[in-house]
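**Student:** Residue numbers (this note's numbering): -4 to 394.
Using N, Cα and C, we set each Cβ at its ideal position, and we do this for glycine too.
#1: I want to know whether the segment 142 to 160 touches the segment 332 to 344 - three or more CB-CB distances under 8 Å.
#2: Compute the distance between the beta-carbons of residue 228 and residue 183, then report whether it is under 8 Å.
#3: What residue range is occupied by the uninterrupted beta strand (DSSP E) comprising residue 49?
#4: Between residue 63 and the rest of its own chain, which residues show a CB-CB distance below 8 Å, the 5 nearest in sequence each way excluded?
#5: Per DSSP, which residues does residue 56 bridge with? Please list them.
#6: Going by DSSP, name the residue or residues bridged to residue 20.
#7: Secondary structure at residue 61, three-state DSSP: helix, strand or coil?
#8: In the segment 113 to 165, which residue ranges form an unbroken alpha helix (DSSP H) of at least 4 residues, counting only runs that do not cross its ends?
#9: Let me know if residue 260 comes out buried or exposed under the rule of 16 or more other beta-carbons within 10 Å of its beta-carbon.
#10: Let me know the secondary structure DSSP gives residue 202 once reduced to three states.
#11: Give every residue of the same chain whose Cβ lies closer than 8 Å to the Cβ of residue 293, excluding the five residues on either side of it in the sequence, and list them in chain order.
#12: Could you give the distance in angstroms between the alpha-carbon of residue 273 and the alpha-carbon of residue 20?
#13: Identify which residue in 322, 291, 211, 320 has its Cα closest to the Cα of residue 362.
#14: Compare the beta carbon distance of residue 339 and residue 384 with 8 Å and say whether it is the shorter of the two.
#15: If you compare alpha carbons, which of 194, 140, 124 is closest to residue 174?
#16: As an exercise, report each continuous alpha helix (DSSP H) stretch of at least 4 residues that is fully enclosed by the segment 257 to 336, in chain order.
#17: Can you tell me the Cα-Cα spacing of residue 265 and residue 73, whole angstroms?
#18: Go ahead and label residue 395 buried or exposed: buried means 16 or more other beta carbons lie within 10 angstroms of its beta carbon, across all protein chains shown.
#19: Does the separation of the CB atoms of residue 343 and residue 377 fall below 8 Å?
#20: Ignore the nearest five residues each way along the sequence and tell me which others in residue 166's own chain have a CB closer than 6 Å to its CB.
#21: Are the Cβ atoms of residue 317 and residue 94 separated by less than 8 Å?
#22: Let me know the secondary structure DSSP gives residue 387 once reduced to three states.
#23: Please state whether DSSP places residue 346 in a helix, a strand or coil.
#24: Let me know the secondary structure DSSP gives residue 382 once reduced to three states.
#25: With residue 33 as the anchor, note down where its alpha helix (DSSP H) starts and where it stops.
#26: Taking C-alpha atoms, which residue in 42, 256, 381, 348 lies nearest to residue 162?
#27: In whole angstroms, what is the alpha-carbon distance linking residue 381 and residue 337?
#28: Do residue 238 and residue 225 have their beta-carbon atoms positioned less than 8 Å apart in this structure?
#29: Residue 108 to residue 310, Cα distance in whole Å?
#30: Is it the case that the CB of residue 171 approaches a heavy atom of the ligand NAD more closely than 7 Å?
#31: Using a threshold of 8 Å, state whether the C-beta atoms of residue 231 and residue 210 are closer than that.
#32: Could you check which residue in 76, 46, 282 has the C-alpha nearest to that of residue 38?
#33: Since residue 70 contacts residue 271 with CB under 8 Å, what's their CB separation in whole angstroms?
#34: If you measure between the beta carbons of residue 41 and residue 48, is that distance less than 8 Å?
#35: Between the alpha carbons of residue 181 and residue 223, how many angstroms are there, rounded?
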């Protein structure tokens, strides 16, 4: 007997707000305004301000490095904890719940890469960016979806959240294996030792957050020195930190009753969505408007069309096939139109795609400018297409 995919109706609100997306948009506009005015020198001074240099390993620590390497590791820590929560007691805890978001995420990850490949298969340098249009900006996407919460039912919002989580897992795998600067096995071994110590902490009677923070910093350093991108340390730490499944809480739901993962997430969630991601957008989204001359370049088109068409085609087509095979059911109160709109919103790559772009290309190169232009065009067009789709659907009454 084939098990069908059914969402369990439970009251679990997604921890994102429409305000999160608004702050990111505001900082992006400010960055673009700075770069295209007399304040461009100030923008460059802010984003490249040198703090200090470690000459022994030829490493310059500037504000851009702090944001892209260190603060984004905190973002990935948040992602790691969210992934673990979803698998333990969220929207990915059973096999039936996993089918639709996992397979749809895979479709939404592959199709944008196919479109990008068709435009750039003959350019070896451009092919480094093949994963850029496959990324989904989880915070921005959820903020937009929640903005339309009167029309998008909870079941589809949970589907988007679960899909974005799976999407992040695949992006993390790509970052770990594709974007590295030559592997140092000594530091990989040192990282494994630290991971082992972090895991053993869960058996300690007195668990202190400070212990996880210190070991997390040490893990970040070793992974950075290993040649693998250091932001992976955040995900690893988030997955290892203890989370107690099916734990009872008292009525007051005090912070003291929470597990280590919940306490850490409680303190970093809002800073991540309202400070770190907007800062990342400000530091990386600034570009000259005269770069619109790159609009017909293969990299720009591959990314823009990958986000705009690759994402919804991959996600929605997978959903239709699963429905046709009778493997899943329509999410509660959902319609084909609302599922298509949700698929379009998943084409909002933005900060996550820009992050992948910083790993793929030299940030001072024309290739990076092309990729940013493609990301902004593709993400903006995805919002417009998703909005048109959702407005044309019947309004829902959410429960």
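**Tutor:** To lay it out plainly:
#1: yes
#2: On the chain shown, residue 228 is found 233 positions in, with the first residue counted as 1. On the chain shown, residue 183 is found 188 positions in, with the first residue counted as 1. Contact: no.
#3: Within the chain shown, residue 49 is the residue found at index 54, counting from 1. Note, residue 49: beta strand (DSSP E), 45 to 49.
#4: Start at 1 with the first residue of the chain shown, and residue 63 comes out as number 68. 275, 278, 279, 350, 353.
#5: Numbered from 1 along the chain shown, position 61 holds the residue referred to as residue 56. Residue 56 pairs with 47.
#6: Locating residue 20 in the chain shown gives position 25, counting from the first residue. Its beta-bridge partners do not exist; DSSP assigns none.
#7: Working through the chain shown from its first residue, we reach residue 61 at position 66. In the structure shown, residue 61 sits in a helix (DSSP, three-state: H, G or I).
#8: 133 to 142
#9: The count along the chain shown starts at 1 and reaches residue 260 at position 265. Buried, by the Cβ-count rule.
#10: Reading the chain shown from its first residue, position 207 is the one you call residue 202. Coil.
#11: Here residue 293 refers to the residue found at position 298 of the chain shown. Same-chain partners within the cutoff: 114, 115, 118, 121.
#12: Along the chain shown, one-based indexing puts residue 273 at 278. Along the chain shown, one-based indexing puts residue 20 at 25. Each residue's alpha carbon lies about 8 Å from the other.
#13: Translated into the one-based positions of the chain shown, residue 362 becomes position 367. Taking only the C-alpha atoms, the option nearest residue 362 is 291.
#14: Locating residue 339 in the chain shown gives position 344, counting from the first residue. Locating residue 384 in the chain shown gives position 389, counting from the first residue. Yes, the pair counts as a contact, with Cβ atoms nearer than the cut-off.
#15: Counted from its first residue, the chain shown places residue 174 at position 179. Residue 174 has its Cα closest to that of 124, out of 194, 140, 124.
#16: Qualifying alpha helix (DSSP H) stretches, in chain order: 272 to 280, 293 to 300, 306 to 319.
#17: For the purposes of this step, residue 265 is taken as residue 270 along the chain shown, with counting starting at 1. For the purposes of this step, residue 73 is taken as residue 78 along the chain shown, with counting starting at 1. One C-alpha to the other measures close to 10 Å.
#18: The displayed coordinates of the chain run from -4 to 394. Any statement about residue 395 would go beyond what the structure contains.
#19: Within the chain shown, numbered from 1, the residue matching residue 343 stands at position 348. Within the chain shown, numbered from 1, the residue matching residue 377 stands at position 382. In contact: residue 343 and residue 377 (Cβ atoms closer than 8 Å).
#20: As a position in the chain shown, residue 166 is number 171, starting the count at 1. Closer than 6 Å at the Cβ level, and outside the excluded window around residue 166, lie 130.
#21: Taking the first residue of the chain shown as 1, we reach residue 317 at position 322. Taking the first residue of the chain shown as 1, we reach residue 94 at position 99. Taking 8 Å as the Cβ cut-off, residue 317 and residue 94 qualify as a contacting pair.
#22: Your numbering for residue 387 matches position 392 in the chain shown. Residue 387 falls in the coil class under three-state DSSP.
#23: Taking the chain shown and counting its residues from 1, one reaches residue 346 at position 351. Correct three-state label for residue 346: helix.
#24: As a first step, residue 382 must be located in the chain shown, where it is residue number 387. Residue 382: helix per DSSP, three-state reduction.
#25: Numbered from 1 along the chain shown, position 38 holds the residue referred to as residue 33. Neither: residue 33 is in no alpha helix (DSSP H) and is coded neither H nor E.
#26: If you number the chain shown from 1, residue 162 lands on position 167. Closest option to residue 162, judged by alpha-carbon separation, among 42, 256, 381, 348: 348.
#27: As a first step, residue 381 must be located in the chain shown, where it is residue number 386. As a first step, residue 337 must be located in the chain shown, where it is residue number 342. Taking the straight line from one Cα to the other gives about 7 Å.
#28: Residue numbering aside, residue 225 sits at position 230 when the chain shown is read from its first letter. Residue numbering aside, residue 238 sits at position 243 when the chain shown is read from its first letter. No, the Cβ-Cβ distance between residue 225 and residue 238 is not below 8 Å.
#29: Along the chain shown, one-based indexing puts residue 108 at 113. Along the chain shown, one-based indexing puts residue 310 at 315. Cα to Cα, residue 108 sits roughly 13 Å from residue 310.
#30: This structure simply doesn't include the ligand NAD, nor any ligand for that matter.
#31: Along the chain shown, one-based indexing puts residue 231 at 236. Along the chain shown, one-based indexing puts residue 210 at 215. No. Outside cutoff.
#32: Start at 1 with the first residue of the chain shown, and residue 38 comes out as number 43. Considering only alpha carbons, the answer is 282.
#33: One-based indexing of the chain shown puts residue 70 at position 75. One-based indexing of the chain shown puts residue 271 at position 276. Separation of the CB atoms of residue 70 and residue 271 is rounded to 5 Å, and the pair is thereby assigned contact status at 8 Å.
#34: On the chain shown, position 46 is the one that residue 41 refers to. On the chain shown, position 53 is the one that residue 48 refers to. Result no, Cβ atoms of residue 41 and residue 48 do not sit closer than 8 Å.
#35: Within the chain shown, the letter at position 186 stands for residue 181. Within the chain shown, the letter at position 228 stands for residue 223. Residue 181 and residue 223 have their C-alpha atoms roughly 12 Å apart.
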